[in-house]
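J.: Sharing a structure with you now.
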Amino acid sequence: MAEVSIRKAVKSYEAGVQAVKSIDLEIADREFVVLVVPSGCGKSTTLRMVAGLEDITGGEIWIGGDLVNDIPPRDRDIAMVFQNYALYPHMSVFDNMAFGLKLRRFPREEIRKRVDEAARILDITALLGRKPRALSGGQRQRVAMGRAIVRHPKVFLFDEPLSNLDAQLRVQMRTEIKKVHQSVRTTTVYVTHDQVEAMTLADRVVVMNQGRIEQVGPPQMLYHHPATRFVAGFIGSPAMNFLPCRLERMGACLGVRLSETVLLAVPASRTARYEPCLGRPMVLGLRPEHLTDPREPARPDAARLDVAVDVVEPMGMETLVHFVIGATPACARVDPATPAVPGGVLALHADMGQMHLIEDAAGSVV
Amino acid sequence: MGNEARPGLRPGPARDQRSLDPHQTSSSLRVRPAAFAVHAVLIAYTLLATLPVLLVVMNSFKSRRAIFGNPLALPGPDTFSLVGYAKVLGASHVGGFFLNSITVTLVSMGLVLLFGAMAAWALVEYRFRGSGLLALFLSIGIMVPIRLGSIAILQMMVDLRLENTLFALILVYTAQGLPMAVFILSEFIQMIPRDLRDAARCDGVPETRIFFEVIAPLLRPAIATVAVFTIVPIWNDLWFPLLLAPGEATQTITLGIQQFIGQYVTDWNGVLAALSLAIVPVVILYLVFSRQLISGLTAGAVK
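First to last, the protein sequences are chains A and B.
Residues 1 to 366 (our numbering) make up the first sequence, in order.
Residues 1001 to 1303 (our numbering) make up the second sequence, in order.
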């Protein structure tokens, strides 16, 4: 059990590529932090730096009050779960889990006890005698987690542990991971590119982009108060609509001009906040779930918007409607009972109380 | 059965139907002239390679008169004779020669495998100054035959007072086998997923134990391959035993057999029997290692 702090950590490679550009992150003891990084950009590098598998080019990494920059992975007391499980193929499940303990010369009974306990938590007691090749993907991932749990390390590191599993199993294992964390409460750093995993698992989510931290916060905060256009577009599915717009005066209040004909009223409470942006090119951010069919009773900040429907996607519990505003494609989430037909006109309510106003050039949310 | 009219045009369905209809036999052979040609070449090569061996073994069981009378005949009741074997096993130091050969081959193989695997692991896993040059140096060892250095090696062994010792042969054979071993094993090590080593590191396994307890067990098929590649040339070598260890006590079997071949009289019974016997150990070793040549040992490690 320990806190982890990453201070001004930098990782650059010989070719001059900076994979990680000065990251600052404080992770509290017992906290579950998810680094969510879109595919591609040095996803695991930060995690591997904490593990000690990558040297850091600059900055400091502290685990449990110790500076670990120059300490090899085996002395950092961390346990890592890999995307492709990385089980020792020639050892049984029991030996896979016990290997690290045997090396540390734990007494036999203690090893047995810890492995049994981890196997019970993960529900793999029946598999202890098997070799990894006789296991399914989900079972292998459990064993990989078991190998981490038995060590009772200071920190768990998860490197995209679910991305090799099929969709159904992924959802199931996600719950398992959360359950395990609730029972062992070890500080956890988890890397993924899947924002749903991030939202569902994390105490705090760290959104990274191009080697930089975009925003850190609890899942709900990132959803409701994204700091940048990147975070706004990354968190939430389907993604937030971004509509180019201009602010105009509408009597005492402000309005968002989307096109010649469309002008949506901004809630009066935001007048002071948005006033400096008058006249500049801005982007209106509005999530599909806040662009819905008119409901009773109407929300106070709802603004009416008539759209020509392009595509209708019934999802069962809701229906996604795609259309174009001005020249920008957008999406709305409506009730399945709403009579939306391709080519038809649909009246929507934009919940302007949930709007985000984004600087077009800087990408920051006002 | 529309296919009967043009059986050669659609080999797939025609073959499927043949299994249902025993009277239709026309098509399946015709579609595989290429496969037939390949097999013909392979069979011809197999005969070319095995017939001389067969001839040696066959004639080793025949009397001297029968060997010269009809060398291609199988040993019959009249011609069967174990005189060659009796001579070889009874008379000379053949037992000692065998022991020398086995010692040299096995020890050299062991050293080649140990050092080869360790060197391959180091070259693949660790980036250090000169690692590229070292890999290049080792691959030169594959291209340049070690016999080119025979004179220098002989001089060195004499200076070290190692002439006429098995140790001299072991040193030379280890050097001879290493480049290829490093080359093959590093290819295999590269195929071992990186995460496995990293997982071991996170598990707290020291580097030496990662090599011996995680990597080496996974290299078994590769090690078997290298073992086979290593032992055969060592066992069959005549050159270095003749050069470095021709003394009575240190002769290997390939060299020892030569005493049956004289300038004027050659004891063919002895030569053939000794040659036949010399094949046996290397065949046994081959069988042992080829059983390990199973791939897919890393199944279950990842994904």
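Where is the CB? At the ideal position from N, CA and C, for every residue including glycine.
Would Ala1066 of chain B and Thr1046 of chain B qualify as a contact pair, given that the criterion is a beta-carbon distance under 7 Å?
T.: For the purposes of this step, residue 1066 of chain B is identified with residue 66 of the second sequence, where counting begins at 1. For the purposes of this step, residue 1046 of chain B is identified with residue 46 of the second sequence, where counting begins at 1. Cβ distance not < 7 Å, so Ala1066 of chain B and Thr1046 of chain B don't count as in contact.
J.: Could you confirm whether any beta carbon from chain B is found closer than 7 Å to the beta carbon of Leu53 of chain A?
T.: Taking the first residue of the first sequence as 1, we reach residue 53 of chain A at position 53. Interface residue, yes.
J.: Are there 16 or more other CB atoms within 10 angstroms of the CB of Leu278 of chain A, so buried, or fewer, so exposed?
T.: Numbered from its first residue, the first sequence carries residue 278 of chain A at position 278. That one is exposed.
J.: Quick one: using the 10 Å Cβ neighbour count with 16 as the cut-off for buried, is Asp1198 of chain B buried or exposed?
T.: For the purposes of this step, residue 1198 of chain B is identified with residue 198 of the second sequence, where counting begins at 1. Flag for Asp1198 of chain B reads buried.
J.: Check each residue of the region 71-87 of chain A: if its Cβ is closer than 7 Å to any Cβ of chain B, include it; give the result in chain order.
T.: So the close ones are Pro73, Arg74, Ile78, Ala79, Met80, Phe82, Asn84, Tyr85, Ala86, Leu87.
J.: Suppose you measure from the CA of Val155 of chain A to the CA of Ala15 of chain A; what does that come to, to the nearest Å?
T.: Walking along the first sequence from the start, residue 155 of chain A turns up at place 155. Walking along the first sequence from the start, residue 15 of chain A turns up at place 15. About 32 Å.
J.: Kindly say whether Gln1292 of chain B, judged by its beta-carbon, lies nearer than 7 Å to any beta-carbon of chain A.
T.: Taking the first residue of the second sequence as position 1, residue 1292 of chain B is located at position 292. No, Gln1292 of chain B does not count as interfacial toward chain A.
J.: According to the Cβ coordinates, are Ser1276 of chain B and Ser1060 of chain B closer than 7 Å?
T.: Counting from one through the second sequence, the residue named residue 1276 of chain B turns up at place 276. Counting from one through the second sequence, the residue named residue 1060 of chain B turns up at place 60. Their beta carbons are under 7 Å apart, which means Ser1276 of chain B touches Ser1060 of chain B by this criterion.
J.: Quick check on DSSP: helix, strand or coil for Gln1176 of chain B?
T.: Working through the second sequence from its first residue, we reach residue 1176 of chain B at position 176. Correct three-state label for Gln1176 of chain B: helix.
J.: Using the Cβ count rule (16 or more neighbours within 10 Å means buried), how would you classify Met1191 of chain B?
T.: Residue 1191 of chain B sits at position 191 when you count from the first residue of the second sequence. Its Cβ having fewer than 16 others within 10 Å, Met1191 of chain B is exposed.
J.: Could you give the first and the last residue of the continuous alpha helix (DSSP H) run that contains Tyr1286 of chain B?
T.: Taking the first residue of the second sequence as position 1, residue 1286 of chain B is located at position 286. Run containing Tyr1286 of chain B: 1268-1290, per the alpha helix (DSSP H) assignment.
J.: Report buried or exposed for Leu162 of chain A, applying the criterion of at least 16 other Cβ atoms within 10 angstroms of its Cβ.
T.: One-based indexing of the first sequence puts residue 162 of chain A at position 162. Its Cβ being crowded by 16 or more others within 10 Å, Leu162 of chain A is buried.
J.: Can you pull the chain B neighbours of Gly100 of chain A, defined as C-beta to C-beta under 9 Å?
T.: For this step, residue 100 of chain A is matched to residue 100 along the first sequence. Residues of chain B passing the Cβ test: Ala1200, Cys1202, Asp1203, Gly1204, Val1205.
J.: Sort A:Leu169, A:Glu275, A:Ala86 by Cα distance to Lys131 of chain A and report the nearest one.
T.: The residue labelled residue 131 of chain A in the question sits at position 131 within the first sequence. Among A:Leu169, A:Glu275, A:Ala86, the Cα nearest to that of Lys131 of chain A belongs to A:Ala86.
J.: CB Val81 of chain A to CB Ala148 of chain A, shorter than 7 Å?
T.: Locating residue 81 of chain A in the first sequence gives position 81, where the first residue counts as 1. Locating residue 148 of chain A in the first sequence gives position 148, where the first residue counts as 1. A contact, by the Cβ cut-off of 7 Å.
J.: In its own chain, which residues sit with a C-beta less than 7 Å from the C-beta of Ala202 of chain A, not counting the 5 before and 5 after it?
T.: For the purposes of this step, residue 202 of chain A is taken as the residue at position 202 of the first sequence. Phe32, Val33, Val34, Pro219.
J.: Whole angstroms are fine: how far does the CA of Val1124 of chain B sit from the CA of Asp116 of chain A?
T.: Translated into the one-based positions of the first sequence, residue 116 of chain A becomes position 116. Translated into the one-based positions of the second sequence, residue 1124 of chain B becomes position 124. C-alpha separation (whole angstroms): 37 Å.
J.: If we call anything under 7 Å between Cβ atoms a contact, is Met352 of chain A one with Leu264 of chain A?
T.: Numbered from its first residue, the first sequence carries residue 352 of chain A at position 352. Numbered from its first residue, the first sequence carries residue 264 of chain A at position 264. Yes. Within cutoff.
J.: Starting from Ser1060 of chain B and walking both ways along the beta strand (DSSP E), at which residues does that stretch end?
T.: As a working note, residue 1060 of chain B is residue 60 in the second sequence. Segment 1033-1060 is the alpha helix (DSSP H) holding Ser1060 of chain B; no beta strand (DSSP E) there.
J.: Alpha carbon to alpha carbon, what distance is there between Pro1145 of chain B and Leu1106 of chain B?
T.: As a working note, residue 1106 of chain B is residue 106 in the second sequence. As a working note, residue 1145 of chain B is residue 145 in the second sequence. Distance between the alpha carbons of Leu1106 of chain B and Pro1145 of chain B: 21 Å.
J.: Using the DSSP secondary-structure output, state which residues sit across from Asn209 of chain A in a beta bridge.
T.: Working through the first sequence from its first residue, we reach residue 209 of chain A at position 209. Answer by DSSP bridge pairing, in chain order: A:Arg212.
J.: For a test of your reading of the model: does the CB of Leu1285 of chain B fall under 6 Å from any non-hydrogen atom of the ligand GTP? Yes or no.
T.: Although the ligand GTP was asked about, the structure shown includes no ligands whatsoever.
J.: Hey, how far is the Cα of Lys43 of chain A from the Cα of Asp75 of chain A?
T.: One-based indexing of the first sequence puts residue 43 of chain A at position 43. One-based indexing of the first sequence puts residue 75 of chain A at position 75. C-alpha separation (whole angstroms): 24 Å.
J.: Do you know whose CA, among A:Arg304, A:Asp360, A:Glu54, A:Val143, lies nearest Gly378 of chain A's CA?
T.: No statement about residue 378 of chain A is possible, as the shown extent of chain A runs from 1 to 366 and does not include it.
J.: Hey, does Ser1026 of chain B have any beta-carbon neighbour from chain A nearer than 7 Å?
T.: In the second sequence, the residue the question calls residue 1026 of chain B occupies position 26. Any reading at Ser1026 of chain B needs caution, since the residue's pLDDT is 48, under 50, leaving its predicted position unreliable; the model's value is listed next. Answer no: the Cβ-Cβ gap between Ser1026 of chain B and chain A never drops below 7 Å.
J.: If you draw a straight line from the alpha carbon of Glu3 of chain A to that of Tyr1173 of chain B, how long is it in whole angstroms?
T.: Sequence index remark: in the first sequence, residue 3 of chain A carries index 3 (1-based). Sequence index remark: in the second sequence, residue 1173 of chain B carries index 173 (1-based). Approximately 56 Å, taken between the alpha carbons.
J.: Among B:Gly1270, B:Thr1252, B:Thr1254, which residue has its Cα nearest to the Cα of Ala1260 of chain B?
T.: Looking up residue 1260 of chain B in the second sequence gives position 260. Per the sequence shown, the amino acid found at residue 1260 of chain B is Phe instead of Ala. Taking only the C-alpha atoms, the option nearest Phe1260 of chain B is B:Gly1270.
J.: Between Val1158 of chain B and Ala1274 of chain B, how many whole angstroms is the CB-CB distance? I'm expecting something under 8 Å.
T.: Numbered from 1 along the second sequence, position 158 holds the residue referred to as residue 1158 of chain B. Numbered from 1 along the second sequence, position 274 holds the residue referred to as residue 1274 of chain B. 29 Å between Cβ atoms; not a contact.
J.: Select from B:Arg1064, B:Ala1044, B:Val1041, B:Ile1102 the residue whose C-alpha is nearest the C-alpha of Gly1084 of chain B.
T.: By 1-based counting over the second sequence, the position of residue 1084 of chain B is 84. Nearest of B:Arg1064, B:Ala1044, B:Val1041, B:Ile1102 to Gly1084 of chain B, Cα basis: B:Arg1064.
J.: Ignore the nearest five residues each way along the sequence and tell me which others in Leu1166 of chain B's own chain have a CB closer than 7 Å to its CB.
T.: Residue 1166 of chain B sits at position 166 when you count from the first residue of the second sequence. Same-chain partners within the cutoff: Asn1100, Thr1103, Val1104, Ala1245, Thr1250.
J.: How many angstroms separate the CA atom of Leu122 of chain A from the CA atom of Arg174 of chain A?
T.: For this step, residue 122 of chain A is matched to residue 122 along the first sequence. For this step, residue 174 of chain A is matched to residue 174 along the first sequence. Whole-angstrom Cα-Cα distance: 12 Å.
J.: Using a C-beta cutoff of 7 Å, does Arg1010 of chain B count as contacting chain A?
T.: Position 10 of the second sequence holds residue 1010 of chain B. With a pLDDT of only 41 at Arg1010 of chain B, under 50, the local geometry of the prediction cannot be trusted, and no value is derived from it.
J.: Rank A:Glu318, A:Thr57, A:Ile63 by C-alpha distance to the C-alpha of Thr187 of chain A and give the top, closest one.
T.: The count along the first sequence starts at 1 and reaches residue 187 of chain A at position 187. Thr187 of chain A has its Cα closest to that of A:Ile63, out of A:Glu318, A:Thr57, A:Ile63.
J.: List, from N- to C-terminal side, the alpha helix (DSSP H) runs of 4 residues or more that fit wholly inside the region 245-281 of chain A.
T.: Correct list: 271-274.
J.: For Phe1128 of chain B, which three-state DSSP category applies?
T.: Position 128 of the second sequence, counting from 1, holds the residue named residue 1128 of chain B. In this structure, Phe1128 of chain B counts as coil in the three-state DSSP scheme.
J.: Taking just the CA atoms, how far does Val20 of chain A sit from Tyr13 of chain A?
T.: Start at 1 with the first residue of the first sequence, and residue 13 of chain A comes out as number 13. Start at 1 with the first residue of the first sequence, and residue 20 of chain A comes out as number 20. Between Tyr13 of chain A and Val20 of chain A, the C-alpha separation is close to 10 Å.
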